[in-house]
Amino acid sequence: MTDADCIFCKITAGEIPSTKVRETKRVLAFRDLHPRASTHVLVIPKDHYANVAELTAADPALAGEVLAVAAEVAAEEGVAESGWRLIANTGPHSGQDVFHVHFHVVGGKPLGPMVA
Ligand code: 5GP
Ligand code: ZN
-3 MTDADCIFCK ITAGEIPSTK VRETKRVLAF RDLHPRASTH VLVIPKDHYA
47 NVAELTAADP ALAGEVLAVA AEVAAEEGVA ESGWRLIANT GPHSGQDVFH
97 VHFHVVGGKP LGPMVA
């Protein structure tokens, strides 16, 4: 399941380079191109789903696997104890820019209050 125009599908296919930090059969974690913290990793299912709602409706087990990989990445990055944030921008008000569901793993500094 891929979208020909999707930049993250191209990363999954190896058509666009990325700095991978963890990979399973169905999940990929790679560094954000424009990191906003010393740890800023994106975790995605390799299959294309536009957002969290589509992913969880279609394959809740895969959604769980993505979350597990996010926690493993945080541990590997050394931020499990200091703390980290998991962000999934969804839809226009969130500023979602890439419509292949992705979870930002952000940490390595005090992150301040969550903006809502
Ligand atoms: P969103 O705003 O959709 O939640 O976040 C999309 C994220 O993808 C941004 O943080 C942006 O820096 C990152 N990004 C966009 N294009 C690329 C790319 O080609 N490679 C990587 N590694 N990250 C990208
Ligand atoms: Zn995609």
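Numbering-wise (our numbering), the sequence shown opens with residue -3 and increments by one. Note that beta-carbon positions come from the ideal geometry of N, C-alpha and C, so glycine has one too.
Leu58: member of the alpha helix (DSSP H) spanning Pro56 to Glu73, first to last residue.
Looking at the DSSP output, Ile83 bridges to His100.
If you measure from each CB to the nearest heavy atom of the ligand ZN, the residues under 5 Å come out as Asp(-1), Cys2, Phe4, Cys5, His44 and His96.
Measuring C-alpha to C-alpha distances from Lys21 to each of Arg32, Thr8, Pro13 and His30 identifies Thr8 as the nearest. For Leu107 and Ser78, the gap between their C-alpha atoms comes out near 11 Å. For Gly60, the distance from the CB to the nearest heavy atom of the ligand 5GP is not below 7 Å. Secondary structure note for Lys6: its alpha helix (DSSP H) is the uninterrupted segment Ile3 to Thr8. Ala53 has no beta-bridge partner at all, per DSSP. Straight-line spacing of the CA atoms in Val97 and His36 works out to 16 Å.
The Cβ atoms of Gly87 and Ala33 lie no closer than 8 Å to each other. DSSP, read as helix, strand or coil, puts Val111 in coil.
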